[in-house]
Amino acid sequence: MSTESGTFLDQFPAEAKVVRTAFYSSFVALFVGALMGILQVLHRTDVLRIVDSADYYSLLTLHAVLLVLSFSVFFLVGIFTWAVTTSLDRGLQDLRYTWAWYGLMALGTLLAGIAVLGAFIPGLDMSAAVLYTFYAPLQAHPFYYLGLALFIVGTWLAGLDWFRSWWAWKKDNPDERIPLPTFMALTTTLFWILSSAGVAVSVLAFLLPWSLGIIDQVNALLTRTLFWYFGHAVVYFWLMPAYLLWYTMLPKISGGKLFSDPLARVVFVLFLILSTPTGIHHQYLDPGIAEGFKFIAMVNTMFLLLPSLLTAFTVVASMEHGARQRGGSGLFGWLRALPWRDPVFTGMALAGLMFAAAGFSGMINAGMNINYLVHNTWWVVGHFHLTVGTAVALTFMAATYWFLPQLTGKAIWSKSLGLVQVLVWFVGMTFMSNSMHRQGLIGVPRRTAEPQYSGFDYEVAVGSMAELNMQVIIGGTLLFISTLLFLTVVVMTVIGDKVDGLPDNGYADTLSGPEDAPLVLDNLKLWAGIAALLVILAYSLPLAAIITRGGILGPGGSPSPQFVDTLLFVGRVAADTVGGVIA
Amino acid sequence: MRVSRAGLLVAIVIMVPIIVELRTVVVHLGFDVSLAETALFGAMMIGALVLWAMAPDIRGREPNGE
Amino acid sequence: MNIHTYEKFWLGASMVLIVGFILTITYGSVGLGIAMVDDSEPTINPENVGDHPDFGDPGVEQVGENEYVVHVVAVQFAYFPGEIEVPADSTVTFKLTSEDVIHSFSVVGTNANTMIIPGEIASVTVEADEPGEYGIVCSEYCGSGHHDMEGKLTVVPQDEFELEGDE
Chain S
1 MSTESGTFLD QFPAEAKVVR TAFYSSFVAL FVGALMGILQ VLHRTDVLRI
51 VDSADYYSLL TLHAVLLVLS FSVFFLVGIF TWAVTTSLDR GLQDLRYTWA
101 WYGLMALGTL LAGIAVLGAF IPGLDMSAAV LYTFYAPLQA HPFYYLGLAL
151 FIVGTWLAGL DWFRSWWAWK KDNPDERIPL PTFMALTTTL FWILSSAGVA
201 VSVLAFLLPW SLGIIDQVNA LLTRTLFWYF GHAVVYFWLM PAYLLWYTML
251 PKISGGKLFS DPLARVVFVL FLILSTPTGI HHQYLDPGIA EGFKFIAMVN
301 TMFLLLPSLL TAFTVVASME HGARQRGGSG LFGWLRALPW RDPVFTGMAL
351 AGLMFAAAGF SGMINAGMNI NYLVHNTWWV VGHFHLTVGT AVALTFMAAT
401 YWFLPQLTGK AIWSKSLGLV QVLVWFVGMT FMSNSMHRQG LIGVPRRTAE
451 PQYSGFDYEV AVGSMAELNM QVIIGGTLLF ISTLLFLTVV VMTVIGDKVD
501 GLPDNGYADT LSGPEDAPLV LDNLKLWAGI AALLVILAYS LPLAAIITRG
551 GILGPGGSPS PQFVDTLLFV GRVAADTVGG VIA
Chain Y
584 MRVSRAGLLV AIVIMVPIIV ELRTVVVHLG FDVSLAETAL FGAMMIGALV
634 LWAMAPDIRG REPNGE
Chain H
650 MNIHTYEKFW LGASMVLIVG FILTITYGSV GLGIAMVDDS EPTINPENVG
700 DHPDFGDPGV EQVGENEYVV HVVAVQFAYF PGEIEVPADS TVTFKLTSED
750 VIHSFSVVGT NANTMIIPGE IASVTVEADE PGEYGIVCSE YCGSGHHDME
800 GKLTVVPQDE FELEGDE
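Residue numbers (our numbering), protein chains in the order written: chain S, 1 to 583; chain Y, 584 to 649; chain H, 650 to 816.
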């Protein structure tokens, strides 16, 4: 496959530096995000409250933005850059361009982070306690919106970088099939650009001008709908690199081959066309949106189960193939022959197992009338800590144990500690997520600093509230410990010495290869066109209805908090910021 | 041993969610199980698993897992 | 395209599962009549909620035999009225709007749960069966005092129920 064997660092030293830098950025975000996580666990359960409850929401904003945007997307751009470079066996077109998009993403994260942390600096009139969803009329400092916009533009340019590699490769290899990892990166990029256009419109046309005082009011339902137009596709954006790893790395690590290349392509095409026209399922309980639109979103969402169920089959089948190659036998006996000692394998396998559980709670969320019971309760938080918080995060951490040697030329400092780390994550998440789901079922809300109310008590079905909280504390603590173990292994590996004899760069071969996949699957223009058409069908009428009802800027209302009223005010804030930084 | 040490460790870890969820299910079926009883039951299940794993493989075959 | 027999079986079973899910939800909507919050109510200017004929004087109102409408205004960080009393065995429609940011009206432990969006009026109809006390919480983050936003819904036996101002 590769002209030159060796690690990724040997083959593509300049690209390895890009991927490495992206990973390190991701790990910094992971550390700060996890720190916020443990602070929230202790705050909510009233064990230790080091900040005012009013400031809890700034910590929560930081936790969400750093983990679901910075940690996951920085890791994603690293993975996809590796996948495209390795599978096309060619370097990126122009590294200055590559570093430019990395720089935009880093600057965006920094600006958004400053806007959030500004709330803790006395005298600085700055805050962004609007959470990751930034529902207007809650208003953040303009830096927050600007940071998010820069970050997203950076990811678009990154996607274009992978396309440029592919276009150049296609010129040299006109008759070849798109290699599977590149195919995955490209289809993911397409739906990402399609979906994030929604949040870009929301931020650039409405929220940023509004926070600068250029427009007085926004339509709360419209900006919320535009957020969710992006807000569900983004979860598949995080998930796709994990899927890429399950398809292209896990079979190899298990000792076998990927079961089916054509089905893998089908799965990614389904995600491309179905990821975006589902966002309204986050708005089942919103007034102002007709029931029919909610039903359409639900049907699309349910069909999104299909690619995930297909993935479950292929991944398990590939693992079984690997185990049998290693001498495993019997109906279930082959499970014993899997490389459980390897944290790369065990981490990914456990992540996949938890993702299956998450699928069930996801179906409850997706059922529009069942959603009444769980909407905005802690159940939902339990659900997405299994998806993005485990299926994605644990897969990324496990994959790091394979990638780090490829990127640094150094051996993992302690694979045993790595194994302990992924196991601790699994146990910690079991406790935390189980309790979150159960608390959600009895009505405990998400996103609150103090879920203790004066007027009533929760009716706990099993055990007591104290038990459930204890479960969250144990789980959250284990997760924080696991993060620290992970970072310890990373740091100790990076400061270690280079070694020889590391495994070669590469990814899994397939049992049923691309020659079995119909050519039409590689027609990206066709699939992008269908995806755009479905989005237009699913969204043009709801958006038109919302705008007709409330007006493009809404029926009225003022921002909250009102800390930036006019352009003049912005000038003063900018001056304060500079002053604050200098002082 | 019937499974590798790492395999046993993973099996124990996978028991944790089963034990945690089992309690919820059992209570919903109408049997009141306390936290201590669950912990005891869990310890017994894990103990049984460890005993099973430690017993010599009667088929006399070494597991291929590391 | 070469698809393994087992995989075809799996694909078929998956489709059955998905269609089954959609059918159960559809049955819930059509058969059991669990309607979604929708766009049937007009919009409202959040700055003039006080002048609105219904929301200007929020509270419980009887509209038919065993049928009640409750208008509630949500603000940072309270509901008006904060304590709501309705009779048992009645049909209650909550109509909710916000004067400032997005809130929710979530009756804890029940499926009476909706978003309250400024500019929109949310309408949910529930059956109040058994007498009892329920907490109402705002489950949508609405600002620094979000965790203090709560209310109370009391379902009282029919013979003990009196509308405000009737005494």
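Every residue, glycine too, gets a C-beta built ideally from N, C-alpha and C.
Contact fails between the segment 707-720 of chain H and the segment 253-264 of chain S, because fewer than three Cβ pairs, one in each stretch, are under 8 Å apart. If you ignore the 5 residues before and after ALA528/S, its C-beta comes within less than 8 Å of the C-beta of LEU190, LEU194 and LEU272, all in its own chain and listed in chain order. Proximity of chain Y to GLU467/S at the Cβ level (cut-off 9 Å) is accounted for by LEU618, in chain order. A direct Cα-to-Cα measurement between GLN439/S and VAL380/S gives close to 10 Å. Within its own chain, the residues whose Cβ lies closer than 6 Å to the Cβ of THR85/S, once the five positions on either side in sequence are excluded, are PHE12 and GLU15, listed in chain order. Annotation for GLY418/S: PRO343, TYR401, ILE412 and VAL489 place their beta carbon closer than 7 Å to its own, counting only its chain and skipping 5 residues before and after.
With respect to the 8 Å criterion, LEU407/S and LEU9/S are classified as neighbours on the basis of their beta carbons. For chain S, the residues of the segment 754-771 of chain H that bring a beta carbon within less than 9 Å of one of its beta carbons are SER755, VAL756, VAL757, GLY758, THR759, ASN760, ALA761, ASN762, THR763, MET764, ILE765, ILE766, PRO767, GLY768, GLU769, ILE770 and ALA771, in chain order. Burial of TRP101/S is indicated by the presence of at least 16 other C-beta atoms within 10 angstroms of its C-beta. One alpha carbon belongs to THR133/S, the other to PHE227/S, and they sit about 7 Å apart.
Cβ contact annotation for SER435/S (same chain, cutoff 6 Å, sequence separation greater than five): LEU468, GLN471 and VAL472, in chain order. Apart from sequence neighbours up to five positions away, the residues of its chain that approach ALA119/S with a beta-carbon distance below 8 Å are ASP55, SER58, MET126, SER127, ALA128 and ALA129, ordered along the chain. Residue-level contact check: ASN369/S touches chain H, since one or more beta carbons of chain H fall below 8 Å from its beta carbon. At a cut-off of 8 Å between beta carbons, GLY590/Y contacts chain S.
Chain-order list of chain S residues neighbouring GLY781/H: empty, with the shortest C-beta distance near 10 Å, by a criterion of under 9 Å. Rounded to the nearest whole angstrom, the C-alpha separation of HIS701/H and VAL722/H is 11 Å. Of all residues in the segment 594-614 of chain Y, the ones placed with a Cβ closer than 8 Å to any Cβ belonging to chain S are VAL596, ILE597, VAL599, PRO600, VAL603, GLU604, ARG606, THR607, VAL610 and HIS611, in chain order. Under DSSP, LEU258/S forms a beta bridge with THR510/S. GLU776/H: member of the beta strand (DSSP E) spanning 771-777, first to last residue. With a cutoff of 8 Å on beta-carbon distance, PRO451/S and GLN139/S are scored as not near each other. DSSP places HIS282/S within a helical segment (H, G or I) once states are collapsed to three. Under the three-state reduction of DSSP output, ASN651/H falls in the coil class, being neither helix nor strand.
Residue pairing by DSSP places THR477/S in no beta bridge whatsoever. Taking C-alpha positions only, CYS787/H is separated from ALA761/H by approximately 12 Å. Cα atoms of VAL719/H and HIS653/H: separation of roughly 59 Å, rounded to the nearest angstrom. The segment 539-548 of chain S makes no contact with the segment 201-218 of chain S, as fewer than three CB pairs between them are under 8 Å.
Here GLN725/H is buried, its C-beta having at least 16 other C-beta atoms within 10 Å. Looking at VAL65/S, ALA461/S and SER414/S, the one whose alpha-carbon comes closest to that of ALA106/S is VAL65/S.
Taking a contact to require three or more Cβ pairs closer than 8 Å, the segment 661-681 of chain H and the segment 280-290 of chain S do not qualify as touching. Checking the DSSP bridge columns, you'll see SER739/H partnered with ALA777/H.
Closest in C-alpha terms to ALA233/S, from the list PHE259/S, LEU441/S, GLY476/S and LEU270/S, comes LEU270/S.
The straight-line gap separating the alpha-carbon atoms of PHE230/S and PHE614/Y is approximately 45 Å. MET319/S and THR483/S have their C-alpha atoms roughly 27 Å apart. Check the Cα spacing between VAL610/Y and each of PHE23/S, VAL460/S and ALA297/S: the tightest is with VAL460/S. Residue pairing for MET368/S: DSSP places it in no beta bridge. Around the beta carbon of SER512/S, a 10 Å sphere encloses 16 or more other beta carbons of the protein chains shown; the residue is thus reported as buried.
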